[in-house]
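Heads up: the structure comes next, in structure tokens.
Structural data, given as structure tokens:
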């Protein structure tokens, strides 16, 4: 049992190490932020996790007034003591209120839940001017507790965590239920590309000219037509920043049929749910365009849908309209890409067995979890996907013995946007327990 008083004596020789009163300017005056945006307070709180783990320099997050009492090197020393006793900081579990300049905060660590307060100073670029962690309660986390937390989420949840080869999972819930996975579908595009490279049909070094143009996320939509890009660059952008234009370029190169074929070969239980296989541009135009056309697409069969997609060629839409559609309530979650957690496990095994091995490095550019947690594994690859009402988080993890593990976690709610932070925290708890 960890006693807060003992902790205070052992880790904080002076309470002022983490207790700093904010200046008068740092009062709660900030207006509420839009639901889809992170407030300055939430953003800084997330950065505190990285500072505690040593991933972010304290100087990038804390104010000069904070350092007047707690110099950076002293903060680093305290952080090392914290992580030495309680393990890595995983994520901000709660911050209340989430807007303004001062809040109660709870930071989940591997073996404790740290509770206290945080304040930011708007006059100092919203840097953290106070961090007071008063209570460190032991966390006896378990798969059973995680299962209960997942069951309490509204909507539908599917999860698989276990060996990539299958067998007995550590955690599985509705793992065979197909759900909308957002941009995690890009793993199927990567699989098709890596298989063609493994078969000698293409090379990662092949250069093609940019001919597709989608909408954000990504950056390639702003590049000039004809820009030369290697297949490795396209795959890396597709995986690391979920670049939609890179994705559509690869689909155009490989062909929808090839991606659909790989979906079937990898063991997808219901590939027909993804017929016809959508490009990202098409999905955006369907949901952001004419409501009657969207309704016809939803009601149509494969041939009717293909005809509607053909009619989208050359159509444009304002980014402001897309921001409205994808920044509000869920829209037509049956117009998506679908896979179960078990399908994603099977896909990753297929890729390990048959794909060119360099595919993995494109998924490791953005590992999707804090470095302190990722570094406990030998290799970490990640791809996720989201839109209002949809969130998928998928990792391929290799342990020190060389064994591969998969965490595929999907949450759908057709009635309301899902809480990305809530599911991300649960995912990180699962990964932490897996070590």
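Residue numbers (the working numbering): 38 to 472.
Virtual Cβ for every residue (Gly too), placed ideally from N, Cα, C.
These numbers come from a predicted model, not from an experiment.
For residue 97, the number of other beta carbons within 10 angstroms of its own is below 16, and it is reported as exposed. Per DSSP, reduced to three states, the secondary structure at residue 387 is helical. Under DSSP, residue 158 forms a beta bridge with 164. In this chain, the beta strand (DSSP E) harbouring residue 418 covers 416-424. In the DSSP assignment, residue 103 falls within the unbroken alpha helix (DSSP H) covering 101-106. Per DSSP, residue 93 is not a residue of any beta strand (DSSP E), being assigned neither H nor E. The straight-line gap separating the alpha-carbon atoms of residue 181 and residue 364 is approximately 34 angstroms. Under the Cβ criterion (8 angstroms, minimum of three pairs), the stretch 230-247 counts as touching the stretch 387-406.
Around the beta carbon of residue 380, 16 or more other beta carbons lie within 10 angstroms, which makes this residue buried. Scanning 280, 103, 163 and 449 for the CA closest to the CA of residue 211 turns up 449. With respect to the 8 angstroms criterion, residue 209 and residue 201 are not classified as neighbours on the basis of their beta carbons.
Distance from the Cα of residue 402 is smallest, within the candidate group 386, 115, 388 and 420, for 420. Straight through space, the alpha carbons of residue 178 and residue 152 are spaced by roughly 17 angstroms. For residue 180, the uninterrupted alpha helix (DSSP H) run begins and ends at 180-188, by DSSP. Here residue 117 carries a helix assignment [DSSP, helix/strand/coil]. Here residue 324 carries a helix assignment [DSSP, helix/strand/coil].
The three-state reading of DSSP puts residue 435 in strand, counting E and B together. Selection 410, 416, 406 and 409 evaluated against residue 398 yields 416 as nearest (Cα-Cα). Contact check for residue 230 against residue 287 passes: the beta carbons are separated by less than 8 angstroms.
Going by DSSP, residue 281 is part of no beta strand (DSSP E) but of the alpha helix (DSSP H) stretching over 281-291. Taking 4 residues as the minimum length, the alpha helix (DSSP H) runs contained wholly in the stretch 286-373 are 293-302, 317-325, 328-336, 339-347 and 356-362, in order along the chain. Taking 8 angstroms as the upper bound for CB-CB distance, residue 127 and residue 466 are in contact here, some 7 angstroms apart.
Under the 10 Å beta carbon count, residue 280 is surrounded by 16 or more other beta carbons and is classified as buried.
The residues 128 and 129, in chain order, have a CB closer than 8 angstroms to that of residue 458 in the same chain once the five nearest residues on each side in sequence are set aside. Beta-carbon to beta-carbon, residue 349 and residue 319 are separated by about 6 angstroms, close enough to satisfy the 8 angstroms threshold.
The distance from the Cβ of residue 400 to that of residue 433 is about 7 angstroms, consistent with a contact at the 8 angstroms cut-off. Residue 81 is positioned such that its CB atom lies closer than 8 angstroms to that of residue 163.
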